[in-house]
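Protein chains in written order, with our numbering: chain W, 2 to 327; chain G, 64 to 236.
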């Protein structure tokens, strides 16, 4: 996969034919939907972990994966997260749709993710569950504009130069014409310190899987080419440039800081990655990308740390990774 | 004649008020007449505004009495739909029956050529040329920003001139 892409994600959105759609206050239907999904998924992935969205910290996923979940999930009734770490498969229950099957990969081609997801879907439907479908519109969604095959591919991309030059808005218009949407990774806070964007297909109606894959990959190539062109020019005078200075400063902060908030880490990570991409810093790109694992609190929840210690644990984990540990 | 209001100044104006068969006259000086005129204007304005407010309230009350009917209602979950856009949410699978034709339009299903596509005077070649100019201009703007970022001001100036030239050509095309 392209070096600008940090994570690839494929999702299939499905709803049950006989139940009212989410979000609804019909708790009976929500409970029924959840029990059906859990029963079928557990039969397929016996080692997977099921967590209720309302449990504090229980539904925390690593930073990039969590960014693809619906916002405010902890307030949703009967919502749950089903994660199988070994295969990269996960499912969200009763969040926006009754069931969203997800396949995530860091280096895997998008087509492989989609194939894997389709195989899972095939096994799933053999359990006898029927999804809401219409001859004209395909699989039905709680949002009619999302009806169709239900396949949605998302790529998380690092685009610092396009962000800096304020080119994302005009490019968004161009991508819209090509059937793609691109949004900043953290739209709720109004900030995007890591300069990360999510590119995905706008709809799935009347399109084959191949069409959707090609559509998103075309959009990705367009963004990557633009980003690369500016990056090469900006880094042409790397010894004297401010880019090199910012990259080394970021390295210093991350290497020696004793306390790091999420925002601190994401801000410095952005500069660090620019430096590594531009061969200013002698670090492996995969090692830099590993740092995002500590951007949110998921890892610290899992190891049982106290919430007040997260900022210190984050700094410690980042220092360890930059020193060559894991 | 002395002013009948202030009883100090000389009266310059005589007001005659006719109410039914009765006629009353009042002699006033200029300043008292002016004060009276202002009071009357305020009184009439006040009456006029009150009438307007009352009218607006009546209209709102009428609107409340006749609720707007939604365009579509789902026969299963009874969810009302007034319009269909990207924010519209369906309550169940049956909602799609209510939204069917509207949704088909949104997805451009069975779309036929519109009369606008065949309007006289619309030259596809000219439209293509316009799009080409716009694309070229966008590329130039992008290159200009790149040049500014890397502080290559000579190149930026050259691109600025090209952009101005392109704009002039686009305008005449």
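Cβ atoms here follow ideal geometry from the backbone N, Cα and C, with glycine treated the same way.
List, in chain order, every chain G residue whose beta-carbon is nearer than 8 Å to that of residue i.
i                      : result
residue 168 of chain W : 205, 208
residue 21 of chain W  : 140, 154, 155
residue 206 of chain W : 170
residue 141 of chain W : 153, 156, 159
residue 18 of chain W  : 156
Taking Cβ-Cβ distances shorter than 8 Å, what residues in chain W pair up with residue i?
i                      : result
residue 227 of chain G : The contacting residues do not exist; residue 227 of chain G stays about 19 Å from chain W at best.
residue 149 of chain G : 144, 146
Taking a contact to mean a Cβ-Cβ separation below 8 Å, would you say residue i touches residue j in this structure?
i                      : j                      : result
residue 231 of chain W : residue 162 of chain W : yes
residue 95 of chain W  : residue 76 of chain W  : no
residue 181 of chain W : residue 229 of chain W : no
residue 286 of chain W : residue 4 of chain W   : yes
residue 91 of chain G  : residue 67 of chain G  : yes
residue 99 of chain W  : residue 27 of chain W  : no
residue 104 of chain W : residue 112 of chain W : no
residue 200 of chain W : residue 183 of chain W : yes
residue 152 of chain W : residue 210 of chain W : yes
residue 261 of chain W : residue 315 of chain W : yes
residue 210 of chain G : residue 226 of chain G : no
residue 64 of chain W  : residue 225 of chain W : no
residue 41 of chain W  : residue 166 of chain W : no
residue 14 of chain W  : residue 140 of chain W : yes
residue 49 of chain W  : residue 74 of chain W  : no
residue 69 of chain W  : residue 164 of chain W : no
residue 1 of chain W   : residue 6 of chain W   : Given that chain W is displayed from residue 2 to residue 327, the structure contains no residue 1 of chain W and the question cannot be resolved.
residue 18 of chain W  : residue 138 of chain W : no
residue 281 of chain W : residue 248 of chain W : yes
residue 146 of chain W : residue 169 of chain G : yes
residue 292 of chain W : residue 319 of chain W : yes
residue 193 of chain W : residue 154 of chain W : no
residue 195 of chain W : residue 270 of chain W : yes
residue 219 of chain W : residue 179 of chain W : yes
residue 82 of chain W  : residue 12 of chain W  : no
Let's test the definition: count the other Cβ atoms within 10 Å of the Cβ of residue i and tell me whether it reaches 16, buried, or not, exposed.
i                      : result
residue 159 of chain W : buried
residue 110 of chain W : exposed
residue 141 of chain G : exposed
residue 108 of chain W : exposed
residue 101 of chain G : exposed
residue 265 of chain W : buried
residue 204 of chain W : buried
residue 321 of chain W : exposed
residue 77 of chain G  : exposed
residue 227 of chain W : buried
residue 47 of chain W  : exposed
residue 206 of chain W : buried
residue 257 of chain W : exposed
residue 66 of chain W  : buried
residue 263 of chain W : buried
residue 168 of chain W : buried
residue 34 of chain W  : buried
residue 243 of chain W : exposed
residue 312 of chain W : buried
residue 32 of chain W  : exposed
residue 154 of chain G : buried
residue 277 of chain W : buried
Tell me whether residue i counts as near the ligand PLP, meaning its Cβ is closer than 7 Å to at least one heavy atom of that ligand.
i                      : result
residue 160 of chain W : This structure simply doesn't include the ligand PLP, nor any ligand for that matter.
Could you name the residues of chain W that residue i contacts, counting a contact when the two beta carbons are closer than 7 Å?
i                      : result
residue 167 of chain G : 137
residue 222 of chain G : What residue 222 of chain G touches in chain W: nothing, since even the nearest Cβ is about 13 Å away.
Which one or two residues does DSSP pair with residue i in a beta bridge?
i                      : result
residue 153 of chain W : W/12
residue 31 of chain W  : In the DSSP output, where bridge partners are listed per residue, residue 31 of chain W has none listed.
residue 53 of chain W  : W/81
residue 136 of chain G : G/143
residue 73 of chain G  : G/65
residue 1 of chain W   : In the structure displayed, chain W extends from 2 to 327; residue 1 of chain W sits before or after that span and is not available.
residue 159 of chain G : For residue 159 of chain G, which the question treats as bridged, DSSP gives no partner whatsoever.
residue 328 of chain W : Coverage of chain W is limited to positions 2 through 327, which leaves residue 328 of chain W absent and any answer about it impossible.
Mind pulling the chain G residues with CB within less than 9 Å of residue i?
i                     : result
residue 32 of chain W : Going along chain G, no residue has its Cβ under 9 Å from residue 32 of chain W, so there is no contact; the nearest lies around 16 Å.
Kindly list, in the order they appear in chain G, the residues whose Cβ is closer than 7 Å to that of residue i.
i                      : result
residue 92 of chain W  : Within chain G, no residue comes near residue 92 of chain W; the closest Cβ sits about 20 Å away, beyond 7 Å.
residue 133 of chain W : 156
>> So within the stretch 226-267 of chain W, which uninterrupted alpha helix (DSSP H) runs reach at least 4 residues, ignoring any that extend past its ends?
In response: The stretch 226-267 of chain W contains, as complete alpha helix (DSSP H) runs of 4+ residues, the segments 243-257 (chain order).
>> Could you tell me which whole alpha helix (DSSP H) segments of length 4 or greater appear in the stretch 159-207 of chain W?
In response: Runs of the alpha helix (DSSP H) inside the stretch 159-207 of chain W: 161-165, 169-178.
> If you scan the stretch 78-142 of chain W from start to end, which runs of the beta strand (DSSP E) of 3 or more residues do you find wholly inside it?
Replying inline: The stretch 78-142 of chain W contains these whole beta strand (DSSP E) runs: 81-85, 90-94, 100-106.
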